[in-house]
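> Numbering (our numbering), first residue to last: 18 to 949.
(1) My parser needs the beta strand (DSSP E) runs of 3 or more residues fully inside the segment 253–333; what are they?
(2) Using only alpha-carbon positions, find the residue among 240, 704, 695, 89 that is nearest to residue 485.
(3) Ignore the nearest five residues each way along the sequence and tell me which others in residue 348's own chain have a CB closer than 6 Å to its CB.
(4) Taking all protein chains shown into account, decide if residue 824 is buried (16 or more other Cβ within 10 angstroms of its Cβ) or exposed.
(5) Whose CA, out of 249, 918, 286, lies closest to the CA of residue 239?
(6) Locate the beta strand (DSSP E) running through residue 53, then write down its first and last residues.
(7) Would you kindly work out how many angstroms separate the C-alpha atoms of residue 659 and residue 768, rounded to a whole number?
(8) Please tell me whether, using a cut-off of 7 Å, the distance from the CB of residue 502 to the nearest non-hydrogen atom of the ligand MN is below it.
(9) Which residue or residues does DSSP assign as beta-bridge partners of residue 368?
(10) Let me know the beta strand (DSSP E) ranges lying completely inside the segment 383–407, each 3 residues or longer, listed in chain order.
(11) Counting C-beta neighbours from all protein chains within 10 Å, is the total for residue 86 16 or more, i.e. buried, or is it exposed?
(12) Label residue 329 either buried or exposed according to how many other C-beta atoms from any shown protein chain fall within 10 Å of its C-beta, with 16 as the threshold for buried.
(13) Return yes when the Cβ of residue 720 is within less than 8 Å of the Cβ of residue 730, no when it is not.
(14) If you reduce the DSSP assignment to three classes, tell me which class residue 336 lands in.
(15) Please determine, among 234, 702, 193, 434, the residue with the shortest C-alpha to C-alpha distance to residue 335.
(16) Buried or exposed: where does residue 921 fall if 16 or more other Cβ atoms within 10 Å of its Cβ makes it buried?
(17) Could you name the residues of the same chain whose beta carbon sits closer than 7 Å to that of residue 653, not counting the 5 residues immediately before and after it, in chain order?
(18) What are the start and end residues of the beta strand (DSSP E) that includes residue 347?
(19) For residue 640, report the span of its alpha helix (DSSP H) as first-last.
(20) Using CA coordinates, which residue listed in 871, 789, 753, 861 is at the minimum distance from residue 773?
(21) Just to check my reading of the structure: residue 144 and residue 749 have Cβ atoms closer than 8 Å, yes? What is that Cβ distance to the nearest angstrom?
(22) Can you list, in chain order, the residues of its chain with a C-beta nearer than 8 Å to that of residue 839? Leave out the 5 residues immediately preceding and following it.
(23) Give me the Cα-Cα distance between residue 232 and residue 332, rounded to the nearest whole angstrom.
(24) Tell me which same chain residues have a C-beta within less than 7 Å of the C-beta of residue 190, skipping the five on either side of it?
(25) Smallest Cα separation from residue 186: which of 663, 103, 417, 107?
(26) Give every residue of the same chain whose Cβ lies closer than 8 Å to the Cβ of residue 316, excluding the five residues on either side of it in the sequence, and list them in chain order.
(27) Helix, strand or coil for residue 230 per DSSP?
(28) Tell me the rounded alpha-carbon separation between residue 425 and residue 178.
(29) Check each candidate in 692, 701, 350 and name the one with the smallest Cα separation from residue 530.
(30) What residues are listed by DSSP as bridge partners for residue 157?
(31) Considering only the beta carbon of each residue, do residue 664 and residue 735 sit closer than 8 Å?
(32) Out of curiosity, what's the CA-to-CA distance linking residue 7 and residue 276?
(33) Quick one: is residue 117 buried, meaning 16 or more other Cβ sit within 10 Å of its Cβ, or exposed?
(34) Residues in the same chain with beta-carbon distance under 6 Å from residue 535, minus the five sequence neighbours each way, listed in chain order, please.
(35) Excluding sequence positions up to five away, which residues of its chain have a Cβ less than 8 Å from the Cβ of residue 900?
(36) For residue 775, count neighbouring Cβ atoms within 10 angstroms of its own Cβ and tell me buried if that reaches 16, exposed if not.
In structure tokens, the structure reads:
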């Protein structure tokens with residue numbers, strides 16, 4: 018093995034080997050286990066959330082593959098209607114061409130060209146992350162087979178009366194000219210105004226004052242609403258006002274929705290331009306008056322004066338006109354949530370259009386039962402409440418989009434507006450006896466991307482055909498996803514799969530948190546705190562990182578702020594940490610459901626962990642690829658499964674085998690309960706603290722001393738390499754690359770077989786291998802060694818200096834442990850002697866530590882320079898006394914104690930107690946020195 022661990026030198030090579038040899042494909046044997054990848058957008062690139070999510074899924078897949086399951090990780094990408102169309106339109110714009118110049122068919126050809134040339138970025142990045150899906154079954158939501166599934170679902174739902182076309186309010190993007198989903202709308206608080214308008218009563222008896230943040234919509238008002246119990250307005254209910262600027266007479270209605278405490282308690286109702294007003298309009302049978310066109314300009318339903326104006330220009334003129342009529346009561350500054358399109362940034366408009374809808378309540382009822390009955394479990398369980406809350410108040414789903422890229426709706430219209438749904442124009446004509454000379458036109462709209470992705474768990478496996486993949490892997494086992502798409506994707510998959518497959522799509526929904534920066538802030542380009550997983554894997558210099566974070570940032574002061582922040586946070590850029598270190602960092606943070614604060618410092622720690630594994634493996638190989646004391650080469654014959662029996666296991670060997678069983682159990686419990694933080698911590702503790710820090714150190718006296726027999730040496734070599742090989746298999750799902758590289762070098766020594774660690778058996782805890790006596794004895798041994806080391810540190814005794822050690826007040830078991838482990842103690846604690854003191858024996862003046870009830874004593878005479886040590890301790894005492902005085906002064910200051918937060922005051926009190934305790938120990942040590 019190379020002296021240093023270099024991840025770049027091994028990772029790409031191993032991934033190509035795995036993929037080229039088809040190791041990611043289902044084995045065809047064992048119990049089926051399947052995960053569906055949440056399909057990333059074909060336009061996308063890997064971000065930290067993807068990296069976290071894919072690492073979780075890959076760990077599960079590798080874990081179950083090694084358990085012998087017939088494992089499929091189904092991979093694919095989403096056609097991302099809006100995002101992809103925008104990418105290609107921008108390219109055309111750069112050449113001075115619009116999609117309308119090309120026409121629909123030619124434009125779609127351009128999109129497919131882009132997809133083939135540039136649409137594979139994210140799948141290449143998934144490979145770099147070590148993801149092991151079956152690439153041979155990769156799907157795309159616009160491929161022919163998937164289109165067949167989408168078309169079939171639409172037609173069957175239509176035929177079953179669950180899809181209809183209707184005029185309702187939608188989120189409308191005036192720039193894209195399409196309806197968009199709630200997920201594509203970002204509502205952030207902005208500074209605005211609240212305009213108070215006077216609406217005159219028609220009978221001339223006065224006026225009502227209404228407040229609005231959108232004056233332009235008053236052109237479409239259908240009513241003014243008050244609360245039925247509001248004493249101020251009860252007498253006006255049923256009367257009318259005359260709508261200013263328009264002259265339309267509209268009623269004053271009563272509705273419990275109105276908040277009497279907000280504003281004046283009078284609310285203008287515009288059913289065609291507000292979602293809440295729409296619901297009220299339905300209750301009171303109010304007319305829907307749409308005053309906008311597709312561009313959010315004022316249309317012909319408004320007075321001619323405003324027609325053709327942009328909505329915000331019309332707003333200014335309307336306010337001026339109210340003021341001129343002395344009908345503007347006042348204008349207040351007002352903070353409000355403004356909905357903007359996540360792609361365009363323009364203000365989204367509630368807009369009345371003809372769209373296609375799915376009746377969701379019948380589907381939702383069955384989906385609720387599936388979770389209530391335990392057929393689907395959410396992890397953590399709290400997300401079931403979020404799911405139920407939304408599903409029990411579900412609205413019909415708008416599934417049409419006014420785009421060209423996407424699944425075109427399989428509906429045709431004749432000249433009279435009659436609609437016909439079918440798989441093709443030919444089928445429509447045949448089924449409805451429509452003559453060839455009757456013109457039919459297919460609907461121009463496409464289906465919402467979430468509609469097609471809602472079929473993901475069965476459409477990817479070949480449905481509507483009953484394929485072998487579908488029979489084997491549907492329903493799937495677990496869905497790994499973020500909480501933000503439970504409604505948009507998870508719920509819809511459950512509804513559609515139950516309806517068409519009469520079974521659940523998955524048995525478990527594991528909901529993970531969102532990856533945030535080290536300060537807990539959401540990662541976003543505008544904040545300049547985005548990290549690219551590939552940069553963390555391969556490294557990036559400072560200037561490239563700055564350019565990446567500020568690229569496309571048009572606002573100069575924001576660009577400068579982000580550059581300054583980046584230079585401060587990463588003055589040397591990002592080092593190349595490798596995939597395994599990044600993945601392990603993700604797992605260490607993966608406590609169920611909580612948002613993740615990602616600190617680059619943690620990944621550095623796990624890069625050191627990889628180094629530790631590498632160096633430990635080199636030590637094992639150096640000690641096992643040698644000749645033993647009898648001149649025989651220690652190879653697979655001696656260490657492996659069929660090795661000779663002439664070996665003897667030391668207490669350390671039996672202890673590490675026992676600890677390995679416990680680690681195997683803890684890792685399995687962590688993974689299977691989706692507590693990857695606990696699984697990774699258990700593995701880390703075993704490798705670093707037990708195998709490397711203790712066992713390998715305990716192996717050195719055996720291998721390097723003539724005090725141990727050849728059989729004992731052979732037993733230790735055998736244990737050392739076998740435990741390493743097993744540990745590599747245990748760690749593989751979390752750290753695929755380094756484990757494969759080392760496993761290939763140790764497998765023959767350990768007697769393991771197979772071409773790849775990926776398909777080797779996952780280690781399973783065997784309680785019969787746990788030796789309780791060995792566990793107890795090594796803990797005793799560790800306690801003594803740590804006690805001696807602590808005394809050396811406190812008394813400033815060099816670790817290289819051999820010292821005498823005395824034992825007092827111990828039990829018979831303590832004396833047995835001493836007798837059986839003296840050689841280990843002498844080597845690892847650097848002892849010149851170990852003496853057991855019986856009752857009545859006088860102990861020398863010593864520094865003391867406790868191991869249980871037993872005392873261990875290090876005589877101080879002759880080991881230290883009393884004068885120099887006394888001076889050092891006095892210097893330390895003076896320093897602490899100054900700190901004590903400073904903290905006591907703060908705590909004696911009423912201004913601090915009364916005004917500072919309670920937790921800050923308590924922190925200072927704790928600090929004082931710690932310093933006083935340390936002071937007492939130092940003064941005690943000086944007292945002991947004075948006796949020498």
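Ideal Cβ positions, reconstructed from N, Cα and C, are used throughout, including at glycine. None of the values given here were measured: they were computed from a predicted structure.
Well, looking at it:
(1) 257–259, 266–271, 284–286
(2) Translated into the one-based positions of the chain shown, residue 485 becomes position 468. Ranking 240, 704, 695, 89 by Cα distance to residue 485 puts 89 first.
(3) On the chain shown, position 331 is the one that residue 348 refers to. Excluding residues within five positions, the ones whose Cβ falls inside 6 Å are 210, 212.
(4) Position 807 of the chain shown, counted from the first residue, corresponds to residue 824. Buried, since its Cβ has 16 or more Cβ neighbours within 10 Å.
(5) Against the chain shown, residue 239 aligns to sequence position 222. The option with the nearest alpha carbon to residue 239 is 286.
(6) Here residue 53 corresponds to residue number 36 of the chain shown, with the count starting at 1. Taken as a continuous stretch (DSSP letters only), the beta strand (DSSP E) holding residue 53 covers 49–53.
(7) For the purposes of this step, residue 659 is identified with residue 642 of the chain shown, where counting begins at 1. For the purposes of this step, residue 768 is identified with residue 751 of the chain shown, where counting begins at 1. With a pLDDT of only 49 at residue 659, under the threshold of 50, the placement of this residue in the model should not be trusted; the figure read from the coordinates follows. If you take the alpha carbons of residue 659 and residue 768, they lie about 7 Å apart.
(8) Among the components modelled here there is no ligand, and therefore nothing to report on the ligand MN.
(9) Taking the chain shown and counting its residues from 1, the one referred to as residue 368 is at position 351. Note: residue 368 sits in a beta bridge opposite 187.
(10) 394–396
(11) As a working mapping, residue 86 is identified with position 69 in the chain shown. The residue in question, residue 86, is buried, as its Cβ has 16 or more Cβ neighbours within 10 Å.
(12) Along the chain shown, read from residue 1 onward, the residue named residue 329 stands at position 312. Looking at its Cβ environment, which holds fewer than 16 other Cβ atoms inside 10 Å, residue 329 is exposed.
(13) As a working mapping, residue 730 is identified with position 713 in the chain shown. As a working mapping, residue 720 is identified with position 703 in the chain shown. Yes, the Cβ-Cβ distance between residue 730 and residue 720 is below 8 Å.
(14) Position 319 of the chain shown, counting from 1, holds the residue named residue 336. In the structure shown, residue 336 sits in a helix (DSSP, three-state: H, G or I).
(15) By one-based count along the chain shown, residue 335 stands at place 318. That would be 234, whose Cα lies nearest to the Cα of residue 335.
(16) On the chain shown, position 904 is the one that residue 921 refers to. By the neighbour-count rule (16 or more Cβ atoms within 10 Å), residue 921 is not buried but exposed.
(17) Position 636 of the chain shown, counting from 1, holds the residue named residue 653. With a pLDDT of 40 at residue 653, under the threshold of 50, the modelled position of this residue cannot be trusted, and the question is left open.
(18) Within the chain shown, residue 347 is the residue found at index 330, counting from 1. Per DSSP, residue 347 belongs to the beta strand (DSSP E) from 345–358.
(19) Within the chain shown, numbered from 1, the residue matching residue 640 stands at position 623. Where residue 640 is concerned, the enclosing alpha helix (DSSP H) stretches over 617–641.
(20) In the chain shown, residue 773 corresponds to position 756, counting from 1. Of the listed residues, the one whose Cα sits closest to residue 773 is 753.
(21) Taking the first residue of the chain shown as 1, we reach residue 144 at position 127. Taking the first residue of the chain shown as 1, we reach residue 749 at position 732. No, residue 144 and residue 749 are not in contact; Cβ-Cβ is about 17 Å, not under 8 Å.
(22) The sequence position of residue 839 within the chain shown is 822, counting from 1. Here the set comprises 851.
(23) Here the question's residue 232 lines up with position 215 in the chain shown. Here the question's residue 332 lines up with position 315 in the chain shown. Those two C-alpha atoms are separated by around 6 Å.
(24) On the chain shown, residue 190 is found 173 positions in, with the first residue counted as 1. If we look at residue 190 and ignore the five residues flanking it on each side, its Cβ neighbours are 197, 358, 361, 363, 365.
(25) Residue 186 sits at position 169 when you count from the first residue of the chain shown. Comparing Cα-Cα distances from residue 186 to each of 663, 103, 417, 107, the minimum goes to 417.
(26) Indexing the chain shown from 1 puts residue 316 at position 299. Closer than 8 Å at the Cβ level, and outside the excluded window around residue 316, lie 307, 308, 309, 310, 324.
(27) By one-based count along the chain shown, residue 230 stands at place 213. Note: residue 230 maps to coil in three-state DSSP.
(28) If you number the chain shown from 1, residue 425 lands on position 408. If you number the chain shown from 1, residue 178 lands on position 161. In a straight line, the C-alpha of residue 425 is about 20 Å away from that of residue 178.
(29) Taking the first residue of the chain shown as 1, we reach residue 530 at position 513. The candidate whose alpha carbon is nearest that of residue 530 is 692.
(30) Working through the chain shown from its first residue, we reach residue 157 at position 140. Beta-bridge pairing links residue 157 to 94.
(31) Counted from its first residue, the chain shown places residue 664 at position 647. Counted from its first residue, the chain shown places residue 735 at position 718. For residue 664 and residue 735, yes; Cβs fall inside 8 Å.
(32) The question about residue 7 has no answer here: the residues shown for the chain are numbered 18 through 949.
(33) Position 100 of the chain shown, counted from the first residue, corresponds to residue 117. So residue 117 counts as exposed.
(34) As a position in the chain shown, residue 535 is number 518, starting the count at 1. Same-chain partners within the cutoff: 614, 616.
(35) On the chain shown, position 883 is the one that residue 900 refers to. Excluding sequence neighbours, residue 900 sits near 932.
(36) For this step, residue 775 is matched to residue 758 along the chain shown. That one is buried.
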